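A quick write-up on the structure given underneath.
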Amino acid sequence: MLEYLDHIDQDLLLFFNGLNSPFWDQVMWWMSEQLIWLPLYLVIAGWLIYKFKWKAVIILILVALLITLSDQGSVHLFKEVFKRPRPCHDPDISGMVHLVRNHCGGEYGFVSSHAANTFAMAAFTLLIIRKRWYSIFIILWATLVSYSRIYMGVHYPGDVIGGAILGFLLGFFIYRLYILIEKKIPPHALHKA
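My numbering applies: residue 9 is where the sequence shown begins, and numbers increase by one.
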């Protein structure tokens with residue numbers, strides 16, 4: 009069964025990775041660059057501060073915890089445990105994989121840290137913000153970032169799906185932690201300036 013799923017994962021990777029062009033190479037490189045994400049996340053942080061005032065301090069601390077858990081968990085609990093080679097390091101298909109700017113990344117790919125991080129942030133913030141337009145936008149953003157990793161040949165679709173699931177679960181867990189913390193803090197303590 010695992011061999012069959014692995015074969016499907018390889019076929020999907022080669023299909024999506026094969027849809028390349030110089031234009032899309034640049035777009036997908038840009039989508040994968042974490043520094044490019046910074047303005048978006050700064051806008052989100054600014055909006056949270058504007059909307060939630062002092063509660064935003066708790067929210068932003070939890071965001072930092074969430075990203076740490078997501079990023080480190082994807083590496084230490086998954087990549088270093090499962091040791092599944094990235095497509096660009098897999099001797100069975102590495103010669104067929106289109107690499108953008110000849111970039112491959114670390115040896116192991118399951119689960120995608122990019123997918124875990126962006127979906128963790130998406131899940132947590134959409135539960136906090138609770139606006140339909142925002143939910144659609146942030147899920148689309150996380151999906152595009154995650155797809156860029158397949159397009160670039162550095163992750164199998166299964167790596168990305170696994171990362172997205174990990175991110176969603178962590179985002180939900182940290183949101184539940186936020187609810188618990190919020191219940192423990194007296195309402196008047198958050199309104200003092």
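Ideal Cβ placement from N, Cα and C applies to all residues, glycine included. As the structure is a prediction and not an experimental result, all values here were calculated from the model.
At a Cβ-Cβ threshold of 8 Å, isoleucine 101 and leucine 22 count as neighbours. Judged by DSSP in its simplified three-state form, tyrosine 116 adopts strand. Counting of Cβ neighbours within 10 angstroms places glycine 170 among the buried residues, the total reaching 16 or more. Annotated three-state conformation of proline 99 is coil, per DSSP. A contact is defined here as three or more CB-CB pairs under 8 Å, and the region 85 to 100 meets this definition with respect to the region 112 to 120. Bounds of the alpha helix (DSSP H) holding serine 156 are 140 to 159. Beta-bridge analysis with DSSP links proline 93 to Tyr116.
Around the beta-carbon of histidine 122, 16 or more other beta-carbon atoms lie within 10 Å, marking it buried. 8 Å or more divides the Cβ of serine 156 from the Cβ of serine 82.
Nearest to phenylalanine 132 by C-alpha distance, out of Leu107, Gly166, Gly175, is Gly175. For leucine 188, the enclosing alpha helix (DSSP H) has its first and last residue at 165 to 192. Look at lysine 63 here: in three-state DSSP terms it is helix. Closest in alpha carbon position to isoleucine 158, among His111, Val51, Leu77, is His111.
A residue is called buried once 16 or more other Cβ atoms fall within 10 Å of its Cβ, and glycine 54, having fewer, is exposed. Using a C-beta cut-off of 8 Å, the region 127 to 141 makes contact with the region 64 to 77, since at least three inter-stretch Cβ pairs fall below that distance. A distance of 8 Å or more separates the beta carbons of valine 108 and methionine 9. Cβ contact annotation for serine 120 (same chain, cutoff 6 Å, sequence separation greater than five): Arg157, His163, Asp167, Val168, Gly171, in chain order.
Cβ atoms of histidine 106 and asparagine 25 come within 8 Å of each other, at about 5 Å.
Counting only residues of its own chain and dropping the five nearest sequence neighbours on each side, leucine 20 has a CB closer than 6 Å to the CB of Pro165.
Secondary structure of methionine 9 (DSSP, three-state): coil.
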